[in-house]
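Q: Residue numbers (my numbering): 851 to 1204.
Every residue, glycine too, gets a C-beta built ideally from N, C-alpha and C.
The structure is given below, and queries will be raised subsequently.
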Amino acid sequence: MTTQPVDYIATRERVRAYLDRAFLGLEARPVGESVLYDSVKQKLMESDARLVAHYYVDPQIQQLAEETDGLVADSLEMARFGARTNTRRLIVAGVSFMGETAKILSPTKQVYMPTLEATCSLDVGCPENEFRAFCDSHPDREVVVYANTSAAVKARADWVVTSSIAVDLISALAMDGKKLIWAPDRYLGRYVQKQTGVDMLIWDSACVVHEEFRLHDLDALQSVYPDAGLLVHPESPEEMIDRADAVGSTTQLIDAAARLQNPSFIVATDKGIFYKMQQQVPEKLLIAAPTRGAGGTCQSCAHCPWMAMNRLSGIDRLLDTWPDSCEVLVDEKLAAQAMKPLTRMLKFKAPYAE
């Protein structure tokens, strides 16, 4: 069962407004950036901070995290690493909900981001006031939200899930006879619903990157690379998921590239993942799945514009001045409310941890 609780056109316009701001925030890469990289690396190593970076940020930011005793990972492992490290400050290279989650799990640390303007279309497409009203109108249902949501939306939920455990957790709730509300990604929601058969109302929002993947030019690409496996993130349209050789979270797709015997892979997720994936399979060819066909422009290679806002120059500024405008703050009461479903998720995930 699927519902459309908000005006989808209005939601898309809201997302587009944020996208426009995101692109305006992208300055050209400066000449001599290798010099800046070395300088930032030295400052970071001498600081009381650690850098955690998501798989989707630019490769040089991922490399910087690796070379300074930080971490490159998915959103959940980023937050868990922050809670484990004993440094006073944490720099989160990702998008806003990742910074919030890190702060909630590490309340005594100062958490910073290169820019707080780096948001997420799933977050923008699920406003807290509209979502709360929708949940209140269905009091008989448990609320499950994807990690890609604001702290305020998490605070209204019974459960938080990542894409890596969504099917397992929803299956467990379905076996208990629970009726659910799911938010915010409709493609991931439909995928989970199809896998589990659960009675679930699905919020209508989507990732602006994964939503663009289509089959219309994939056939031509697969004819050029007939032995290539297809790796698809479950935030993608159903037609892509149905064609995939492996469907999964960022970490699961990296693992699949190593596990499957194909000599090459067409990868339907943000191109930032290629950095870590290629480390795992240096002998294999990785090909970006098309989003707008061979005639496409920038969208023919998927990359989140908000992830791209994480720049060396922003990290350099943090290390020099630690500006208040880049510090992630979460209201204590709100953080306590959001911590409840996050804790339930962590306890559920624990048996699966490596």
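1. Distance, Cα to Cα, phenylalanine 1124 vs aspartate 1008?
2. Taking 8 Å as the threshold (C-beta atoms), are leucine 966 and alanine 952 in contact?
3. According to DSSP, is histidine 1060 part of a helix, a strand, or is it coil?
4. For threonine 918, would you say it is in contact with chain D, using Cβ-to-Cβ distances shorter than 8 Å as the test?
5. For the alpha helix (DSSP H) containing serine 1163, list its first residue and its last residue.
6. Can the beta-carbon of proline 1191 be found closer than 8 Å to that of valine 1010?
7. From Phe947, Gln1129, Ile911, Gln1043, pick the residue whose C-alpha is nearest to that of alanine 1185; which is it?
8. Specify, as a first and last residue, the run of the alpha helix (DSSP H) that methionine 1127 falls within.
9. Skipping 5 residues on each side, what residues in its chain have a beta carbon closer than 8 Å to that of glutamate 877?
10. Can you tell me whether DSSP reads leucine 987 as helix, strand or coil?
11. Considering just the uninterrupted stretch of the alpha helix (DSSP H) at arginine 1006, what are its terminal residues?
12. Below 7 Å CB to CB, which residues in the same chain sit around methionine 1090 once its five sequence neighbours on both sides are set aside?
13. If contacts are defined as beta-carbon pairs under 8 Å, then arginine 991 and lysine 959 qualify, I think. What distance do you get, rounded to the angstrom?
14. Please work out which residues of its chain come closer than 7 Å, Cβ to Cβ, to cysteine 970, disregarding the five sequence neighbours upstream and downstream, and give them in chain order.
15. Please report how far the alpha carbon of cysteine 1148 lies from the alpha carbon of glutamine 1072, in whole angstroms.
16. Find out if the Cβ-Cβ distance for the pair serine 925, leucine 1169 is shorter than 8 Å.
17. Is valine 974 closer than 8 Å to alanine 943 when the C-beta atoms are compared?
18. State the DSSP-derived secondary structure class of leucine 1231, mapped to helix, strand or coil.
19. Please report the distance separating the alpha-carbon of glutamine 1102 from that of leucine 1135.
20. With DSSP run on the structure shown, which of helix, strand or coil describes glutamine 960?
21. If you follow the beta strand (DSSP E) that leucine 1135 is in, where does it begin and where does it stop?
A: Working from what's here:
1. 34 Å
2. no
3. helix
4. The chain labelled as chain D is not found in the depicted structure, where only one protein chain is given.
5. 1162-1171
6. yes
7. Phe947
8. 1124-1130
9. Its pLDDT being 46, under 50, glutamate 877 is placed unreliably in this model, and the value from its coordinates should be taken loosely. Arg1161, Ser1163, listed in sequence order.
10. One point to set straight first is that residue 987 is serine, not leucine, in the sequence displayed. If DSSP states are grouped into helix, strand and coil, serine 987 belongs with coil.
11. Premise fails: arginine 1006 is in no alpha helix (DSSP H) and is neither H nor E.
12. Phe1063, Leu1065, Val1082, Ala1118
13. Wrong, their Cβ atoms sit about 35 Å apart, outside the cutoff.
14. Val945, Ser946, Phe947, Asn998, Trp1156
15. Annotation note: pLDDT 37 at cysteine 1148 (below 50); position unreliable, no value reported.
16. no
17. no
18. Any answer about residue 1231 is impossible in this case: the structure gives the chain only from 851 up to 1204.
19. 18 Å
20. strand
21. 1135-1138
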